[in-house]
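Student: Per my numbering, the very first residue in the sequence shown carries number 294; after that it's consecutive.
Glycine included, each C-beta is placed from N, C-alpha and C at the ideal position.
Here the structure is a predicted model, which is why all the values come from computation and not from measurement.
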Amino acid sequence: MRVATFRGAALNDALMIIDNQARRRQVLARFAQKAGRNPVALDNAAEIADHHALIERANIAFVHESLLADVATELRFSNPGIVIVGLTSGPEQNAFPRMQEADLFAPETMPFVQFQYLLASAERFAAERRLSAERSALRVSLVHWYHER
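(1) What does the alpha-carbon distance come out to for the pair Gly379 and Ile353?
(2) Under the rule that 16 or more other beta-carbon atoms within 10 Å means buried, what is Glu358, buried or exposed?
(3) Is the separation between the beta-carbon of Gly374 and that of Arg417 shorter than 8 Å?
(4) By the three-class DSSP mapping on this structure, what secondary structure does Ala354 have?
(5) From Ser371 to Glu441, what distance separates their C-alpha atoms?
(6) Is Ala395 helix, strand or coil when you go by DSSP?
(7) Ala395: which of Thr366, Leu431, Ser434 sits nearest, CA to CA?
(8) Taking C-alpha atoms, which residue in Ser425, Ser382, Leu411 lies nearest to Pro400?
(9) Applying the 10 Å Cβ sphere with the 16-neighbour rule, what's the burial state of Ala430?
(10) In angstroms with no decimal places, state the Cα-to-Cα distance between Ala420 and Leu435.
(11) Can you tell me which residues form a DSSP beta bridge with Val375?
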């Protein structure tokens with residue numbers, strides 16, 4: 294398994310996890326072209342568990358459909374607020390049963406406009422998750438404070 298990260302304003306530390314190296318190069322090139330940024334690949338990434346620091350600061354993870362079942366739990370454990378975008382290699386309607394671990398899904402060959410929309414949706418979803426997590430943490434701390442009084 295390979296992990297690649299995008300850095301920059303358009304893709305705020307997004308992860309991309311794709312199993313096949315040739316496919317990974319193709320998808321990274323497409324995403325880099327659409328985002329106007331060059332992806333930074335971590336070529337020595339063998340296991341997702343080795344990259345907790347990277348996962349913790351990521352907002353979005355683009356995960357190929359073949360790896361969703363394997364990595365979604367680990368991603369959510371490391372970063373409960375991460376938004377997982379499943380990338381399909383075929384028609385979206387055929388991928389739906391396999392994509393239950395994803396928050397959003399899209400074809401890896403999506404056009405530029407769809408990519409921009411997907412990115413905006415994922416970033417909005419990530420922001421809502423962070424806000425929800427902050428509210429939950431505040432509630433828990435208020436409950437603890439009340440019981441300590």
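Tutor: Looking at the coordinates:
(1) For this step, residue 379 is matched to residue 86 along the sequence shown. For this step, residue 353 is matched to residue 60 along the sequence shown. Taking the straight line joining both Cα atoms gives about 11 Å.
(2) Here residue 358 refers to the residue found at position 65 of the sequence shown. Burial state of Glu358 is buried, judged by a 10 Å Cβ sphere holding 16 or more other Cβ atoms.
(3) Translated into positions along the sequence shown, residue 374 becomes position 81. Translated into positions along the sequence shown, residue 417 becomes position 124. If you check the CB distance, Gly374 and Arg417 do not come in under 8 Å.
(4) Here residue 354 refers to the residue found at position 61 of the sequence shown. DSSP places Ala354 in strand when its eight states are reduced to three.
(5) Here the question's residue 371 lines up with position 78 in the sequence shown. Here the question's residue 441 lines up with position 148 in the sequence shown. Near 30 Å, if we compare the C-alpha coordinates of Glu441 and Ser371.
(6) Taking the sequence shown and counting its residues from 1, one reaches residue 395 at position 102. When secondary structure is reduced to three states using DSSP, Ala395 falls in the coil class, being assigned neither helix nor strand.
(7) Within the sequence shown, the letter at position 102 stands for residue 395. Answer by Cα proximity: Thr366.
(8) Counted from its first residue, the sequence shown places residue 400 at position 107. Distances from the CA of Pro400 to each of Ser425, Ser382, Leu411 were compared; the closest alpha carbon is that of Ser382.
(9) Here residue 430 refers to the residue found at position 137 when the sequence shown is read from its first residue. Looking at its Cβ environment, which holds fewer than 16 other Cβ atoms inside 10 Å, Ala430 is exposed.
(10) For the purposes of this step, residue 420 is identified with residue 127 of the sequence shown, where counting begins at 1. For the purposes of this step, residue 435 is identified with residue 142 of the sequence shown, where counting begins at 1. Whole-angstrom Cα-Cα distance: 23 Å.
(11) Here the question's residue 375 lines up with position 82 in the sequence shown. Correcting the residue type first, residue 375 is Ile in the shown sequence and not Val. BP columns for Ile375 are empty, so no partner.
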